[in-house]
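Following our numbering, the numbering of the sequence shown begins with 1406 at its first residue and continues without gaps. Don't be surprised by glycine CBs; every beta carbon is placed ideally from N, CA and C.
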Amino acid sequence: MQYRRTPTSCGFSPSELLNSRQLRTRIDTLLPSPAHIAQGKQSKEASKSQMTPDSKAVVKVTRQYKAGDPVYALYHGPRRDKQPRWVPAVVKKSLGTRCFNVMVIPHGPVWRRHWEQLQPRYTTEEDNEPGEEVDTVSELVTDHPMEILETVPQTRRQTKPKGTPSVPEYGPDNPRRSKRTRKPTERLCC
């Protein structure tokens, strides 16, 4: 093997003349290639640029939430009638450095969410109570942009006369069920 890899008087080894490349030997696996050396230097330079001059540590950006902080939580369930993917919630409890229990507004279920599944929610006033009605659409847009699709149909529903039957509202807590009567299965008996 070493004979085929050793350069001759012409400057090339027999394997290079035959295959247009050098054969790989055990010593090649022990020594780092120039590509690996260059890649290591680049990664060291990148890590140096992320270090602070005082602490010599990599700066990590994480959001810290406390109990009572208003947030938007990611909704993983099925989306019906163009429901928003991010729903307003309030942090109830911290479950370590990255996980939190959040309660959906108003009077919703408590979900466990990772900090990457939460977005900060900034409000200028207190959240509206469930019984309060928002008068104009402009107030909806400025106060709660994520609740527009849910709030507008509710105000229209309240203006209907009481004689019309109400349509049940479906959601994660109240799934839609089929009303058809199912016929029993017919099994072959021996």
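Runs of the beta strand (DSSP E) lying entirely within the segment 1415-1497, each at least 3 residues long, are 1475-1479 in chain order. In chain order, Y1408, R1409 and T1413 place their CB closer than 8 Å to the CB of P1419, counting only its own chain and leaving out the 5 sequence neighbours on each side.
P1525 is bridged by DSSP to V1476.
Judged by DSSP secondary structure, R1517 falls within the beta strand (DSSP E) whose first and last residues are V1515 to H1519. Counting C-beta atoms within 10 angstroms of its own C-beta, V1495 has 16 or more neighbours from the protein chains shown and is therefore classed as buried. Annotation: E1591 to P1577 spans about 34 Å, alpha carbon to alpha carbon. Here S1499 is bridged, per DSSP, to F1505. About 6 Å separates the CB atoms of C1504 and R1517; that is less than 8 Å, so the two are in contact.
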